[in-house]
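Each remark here refers to the structure printed beneath this line.
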Amino acid sequence: MKTLAREQKLQHLYWRAGFGIPFRPDQASPGIKSAIRELLRQSGQAVPLEVALPRTETTLQADAQNAEMRLLRQRERQQGFVLLNNVWLQQMATSEAQLREKMTLFWHGHFACRLREPRFALQQHNTLREHALDKFPDLLLAISKDPGMLQFLNNQQNRKQRPNENFARELLELFTLGRGHYTEQDIKEAARAFTGWSYNPQGKFVFRTRQHDRGKKTFMGKRGNFSGEEILQIVVENPRTAEFLTEKIYAFFVSDTPHPERIQSLSSYFYETGYDIPKLLEKIFTAKWFYGPDVVGSKIKSPIELLAGLQRQFDVRYSDGRSPLVLQRALGQELFRPPNVSGWAGGRNWIDSSTLAFRLRIGPALLQDAALEVNLKPDDDTEPTAPRRRRQDGIRVVRAKADLNGLQQQLQKVKDRELIDRLSQKLLQVPLRPETAALLTQHIPSGAAHADKVTLLTLRLLSLPEYQLC
Amino acid sequence: MSALASGMLLVPNFLHGLDRGGLSLLANSNGKRLVVIQLSGGNDGLNTVVPYQNDLYYKARPSLAIPSREVLTLGKGLGLNPAMEKMRLLYDQGYVSILNSVGYPDPDRSHFRSMDIWHSASASDEYLSTGWLGRYLDSLSGPSANYAAIEVDDTLSLALKGAQYTGIAVQDVKRFFQATNDQFLKQAAQLHAEEHTHHQVDYLYKTLIDTQQSAGYLQEKTKVYRSKKEYPNGEFARHLKTIAELIASGVESRVYYASLTGFDTHVRQAGQQANLLRELSEGLYSFVEDLKQQQEFDNTVIMVFSEFGRRVAQNASNGTDHGTANNLFLIGGKLKQAGIYNEGPNLQDLDQGDLRYNIDFRNIYATLLHNWLDGNAAGILGGKTQLLTGLM
């Protein structure tokens with residue numbers, strides 16, 4: 001029983017800190033403490049994501065006057081995003097640096113930009129990846145100077161004579177302090193400090209001195225000739241920033257139900273360590289309550305967690321690179337396409353009658369190489385609909401190959417009467433009710449070979465609502 | 471197994487015990503319904519409702535403007551795109567109200583973000599994770615709200631997502647039924663119908679059971695009635711026909727939602743937009759005729775909108791680029807004021823080449839919620855809206 005409990009803990013840790021544990025025949029099961037150390041160690045180095053984007057993806061401006069050129073550039077952008085999406089998803093599924101992948105996904109939803117150019121999206125992704133497990137002030141400075149961010153929040157247009165407040169507003173509202181902890185005047189003054197923060201066509205940050213407002217600013221009760229860097233400094237000196245980030249990190253890694261005491265103590269620690277992100281995460285993963293009944297199995301998997309998890313555990317290979325995007329869009333979370341700068345709302349927002357019904361069919365369909373059909377809403381920002389082909393384009397079919405060998409081998413020696421128990425413990429993060437287990441038994445032909453039973457049971461378990469939780 | 475197969479569960483919770491005594495099925499319902507038609511991609515309003523007496527229009531669009539002799543004239547210097555003959559027929563019968571220069575402050579030119587703003591009814595610097603019609607569902611009392619809105623599609627739009635309740639997306643009732651009719655899952659759901667052990671598990675099972683029941687209910691309800699009305703070919707008209715059949719079958723939803731896509735006409739706009747506007751007009755004409763035959767048109771208002779209009783000047787590819795304010799259509803049998811609601815767009819006073827808005831779209835929502843659906847517009851839209859007078 002003891003080892004089972006440990007196995008469950010490990011599964012929990014790996015679902016939250018990563019995308020699940022792959023089913024390997026020779027699965028080791030270390031103690032929790034050493035598993036956490038190993039997770040942190042394996043994510044210690046940041047390796048940039050390498051994606052060979054389409055070749056002519058080199059100029060900033062499409063030749064808007066030329067229809068053919070425009071169409072070509074649009075296709076290239078589209079291909080670029082397909083590549084980015086596939087490479088990152090594959091990385092989540094296979095990389096040993098699970099925690100870095102997960103934390104990069106968190107920051108992707110926190111500093112949520114919907115960019116037009118795949119090149120800028122890749123650059124921004126690598127900025128987030130590089131600093132995902134740094135100290136937050138370093139990440140904040142780097143992302144504030146990121147060309148994609150400057151473009152998305154209109155800081156190119158933020159000039160001394162005509163300030164644009166977009167970046168300053170989101171910085172305070174969504175990235176650091178949260179609503180209600182600053183004034184409209186603070187936004188105006190901060191915007192002045194970021195005037196002249198810009199980038200060049202090569203995607204390098206440029207400080208345009210002549211557009212910068214060097215005058216005195218009054219920001220959050222302080223007065224001085226503040227630069228953008230100094231504004232960021234003031235913002236992170238405010239413990240409210242630690243609180244705001246901790247609330248979001250808690251919701252992402254622990255539970256959608258806030259726990260004020262835990263959050264308070266974590267956020268003080270985060271602040272005291274100078275916003276050391278790995279230390280905060282280690283604190284969370286080593287807390288006793290992290291393995292408590294109100295936490296384990298309490299989160300609805302995000303679409304990315306669901307898909308990356310399936311890919312990681314069953315080695316899912318899609319027959320078409322567009323397929324993962326189709327699934328993501330149908331489920332409401334497409335990598336690199338957050339709904340707006342506030343990111344994905346998450347939690348129960350993932351679920352409506354259509355997404356739930358679709359979620360329940362995805363696992364079994366992918367594992368059986370069965371076709372999944374879905375009619376997607378258009379995304380005119382990235383792929384303008386060609387009306388003549390509109391109808392054929394509407395329905396997208398997804399097919400994939402998967403591998404259940406690892407799981408079958410792990411369960412090779414398990415007797416029939418224990419099979420449902422053992423398998424459901426491996427696949428589900430919440431206990432399977434005895435009535436449901438009994439129902440499953442009825443649906444398995446008794447004469448089937450052991451490996452086939454594993455397969456049939458797996459398909460059923462993946463179709464249950466319980467599989468949607470982690 | 472038997473309980474499910476017996477049909478006992480085919481009626482969703484909200485209908486239990488209500489539909490026999492002729493009681494109103496939905497709390498707060500006055501029997502009226504709203505059909506929302508979304509034109510995705512940013513429809514070019516200036517070539518839809520054409521200011522054919524305005525020289526500035528012809529100057530801004532040397533090769534894309536619609537010649538005045540071809541325009542289907544309406545009045546106030548405005549006329550419809552020649553592809554909209556059927557819309558003109560509806561207009562002539564007093565069923566159509568055209569609202570000009572509809573938009574919002576600080577307009578966003580990204581399709582997605584602007585659609586997000588229209589769906590959530592937010593300000594352009596505000597981010598909401600619920601839609602305006604979803605919040606209307608939330609405001610309906612009791613479990614009745616759950617399936618009071620139906621979108622004819624495979625996936626559900628933000629507009630129909632509330633905090634507590636969401637609409638359902640059904641492209642095809644039969645396919646929806648089949649997709650949710652897995653016997654194993656039905657049995658598993660049934661085992662969970664009464665349990666309250668784990669709140670997330672319960673929540674998912676409850677959603678699953680609601681979905682299965684709704685699918686069964688819709689399947690049961692619609693299997694008898696088939697519209698005899700002729701509709702044009704194509705997916706959009708088919709979706710309208712589905713809505714008409716749901717309505718005529720007595721499905722008690724308050725809100726229906728459908729989309730027509732392909733309006734992002736940067737290149738060679740004329741033919742593409744004409745085809746779409748024809749599809750729109752002909753589809754809506756058949757839909758209105760169908761509802762009239764069923765005595766359901768007087769209870770219905772149709773709103774046709776797009777996420778933004780397009781720039782006043784054409785581009786060099788015989789198309790138009792993303793713009794701002796736009797016109798919006800309201801269609802119904804009982805509009806108080808049909809015709810052209812307000813002055814056409816002012817082409818003289820532009821904002822860097824874009825139309826300025828005159829009517830905030832959220833005021834239209836407020837009017838629909840308050841004057842038509844008997845909803846609490848202030849609560850749903852945050853209290854900053856004003857009602858449009860004389861419309862309904």
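So the sequences go chain by chain: A and B.
For the first sequence, counting from 1, position 426 maps to 426 in the working numbering; every step adds exactly one.
For the second sequence, counting from 1, position 338 maps to 808 in the working numbering; every step adds exactly one.
We put the beta carbon where it would ideally sit given N, CA and C, even for glycine.
None of these values were measured; they are calculated from a predicted model.
>> Taking the alpha carbon of Arg116(A) as the reference point, which residue from Ala591(B), Met585(B), Glu540(B) and Ser580(B) has its own alpha carbon closest?
In response: Ser580(B)
> Do you know how far the Cα of Leu509(B) is from the Cα of Leu817(B)?
Replying inline: 23 Å
> Using the beta-carbon of each residue, which ones in chain B are nearer than 8 Å to Pro48(A)?
Replying inline: Simply none; closest approach about 27 Å.
> For the beta strand (DSSP E) that Ser354(A) lies in, which residues bound it at each end?
Replying inline: Counting along the chain, Ser354(A) falls outside any beta strand (DSSP E), though it belongs to the alpha helix (DSSP H) covering Ser353 to Gln368.
> Ends of the beta strand (DSSP E) at Ile231(A)?
Replying inline: First-last for Ile231(A): Gly228 to Glu237, but that is the alpha helix (DSSP H), not the beta strand (DSSP E).
>> I'd like to know if Ser144(A) contacts chain B, where contact means its C-beta is closer than 8 Å to some C-beta of that chain.
In response: Taking 8 Å as the threshold, the shortest C-beta distance from Ser144(A) to chain B does not fall below it.
> How far does the beta strand (DSSP E) with Ser510(B) in it reach, from first residue to last?
Replying inline: Membership of Ser510(B) in the beta strand (DSSP E) is indicated by the continuous run Arg503 to Ser510.
> Which residues in chain B sit within 7 Å of Asp381(A), going by Cβ to Cβ distance?
Replying inline: Ser580, His581 and Phe582
> In terms of residues, what are the limits of the alpha helix (DSSP H) holding Tyr269(A)?
Replying inline: Pro260 to Glu272
> CA-CA distance, His443(A) and Arg460(A)?
Replying inline: 9 Å
>> For the region 619-637 of chain B, list every residue whose C-beta sits within 7 Å of some C-beta in chain A, in sequence order.
In response: Asp623, Asp624, Thr625, Leu626, Lys631 and Thr636
> Looking at C-alpha atoms only, which residue of Ser446(A), His131(A), Val374(A) and Asp146(A) is the closest neighbour of Tyr472(A)?
Replying inline: The displayed coordinates of chain A run from 1 to 470. Any statement about residue 472(A) would go beyond what the structure contains.
> Can Pro465(A) and Leu307(A) be called in contact, C-beta distance under 8 Å?
Replying inline: no
> Bridge partners of Arg417(A), per DSSP?
Replying inline: DSSP output for Arg417(A) lists no bridge partner at all.
> If you compare alpha carbons, which of Gly343(A), Arg337(A) and Asp146(A) is closest to Gly203(A)?
Replying inline: Asp146(A)
>> Alpha carbons only, please: which of Asp824(B), Glu705(B) and Asp734(B) is nearest the one belonging to Asn788(B)?
In response: Asp734(B)
> In this structure, does DSSP put Glu621(B) in helix, strand or coil?
Replying inline: strand
> Could one say the Cβ of Asn158(A) lies closer than 8 Å to chain B's Cβ atoms, at least one of them?
Replying inline: no
> Cα separation between Trp350(A) and Ala330(A)?
Replying inline: 11 Å
> Residues of chain A with a CB under 7 Å from the CB of Ser599(B): which are they?
Replying inline: Ala345 and Asn349
>> If you measure between the beta carbons of Phe120(A) and Gly148(A), is that distance less than 8 Å?
In response: Their beta carbons are under 8 Å apart, which means Phe120(A) touches Gly148(A) by this criterion.
> Does DSSP put Asp381(A) in a helix, in a strand, or in coil?
Replying inline: coil
> Three or more C-beta pairs closer than 8 Å, one from the region 630-641 of chain B and one from the region 419-429 of chain A: is that the case here?
Replying inline: The region 630-641 of chain B, when compared against the region 419-429 of chain A, does not touch it at the 8 Å Cβ threshold.
>> By the DSSP assignment, the alpha helix (DSSP H) with Thr104(A) in it spans what residues?
In response: Gln98 to His110
>> For Ala821(B), list the residues DSSP reports as bridge partners.
In response: Ala is not the amino acid found at residue 821(B); the sequence shown has Asp there. Note: Asp821(B) sits in a beta bridge opposite Asp824(B).
> Does the region 655-675 of chain B come within contact of the region 397-410 of chain A, defined as at least 3 CB pairs closer than 8 Å?
Replying inline: no
> What three-state label does DSSP hand Met773(B) in the structure shown?
Replying inline: strand
> In this structure, does DSSP put Val397(A) in helix, strand or coil?
Replying inline: strand
> In the DSSP assignment, what are the bridge partners of His792(B)?
Replying inline: Arg780(B)
> Which residues, taken in chain order from the region 663-680 of chain B, show a beta carbon closer than 9 Å to some beta carbon of chain A?
Replying inline: Per Cβ criterion, the list reads Glu665, Thr667, His668, His669, Gln670, Val671, Tyr673, Leu674, Tyr675, Thr677, Leu678 and Asp680.
> For Ala847(B), which residues in chain A fall below 7 Å Cβ to Cβ?
Replying inline: In chain order: nothing, as chain A lies at least about 24 Å away.
>> What are the residues in the region 271-303 of chain A lying within 8 Å of chain B by C-beta distance?
In response: Gly297, Ser298, Lys299 and Ile300
> Closest to Gln743(B) by CA distance: which of Asn517(B), Val506(B), Arg503(B) and Ile507(B) is it?
Replying inline: Asn517(B)
> Cβ atoms of Asn375(A) and Ala112(A): under 8 Å apart, would you say?
Replying inline: no
>> Could you check whether Phe831(B) and Ser584(B) sit closer than 8 Å to each other, using their CB atoms as the reference points?
In response: no
> Does the beta carbon of Lys453(A) sit closer than 8 Å to a beta carbon anywhere in chain B?
Replying inline: no
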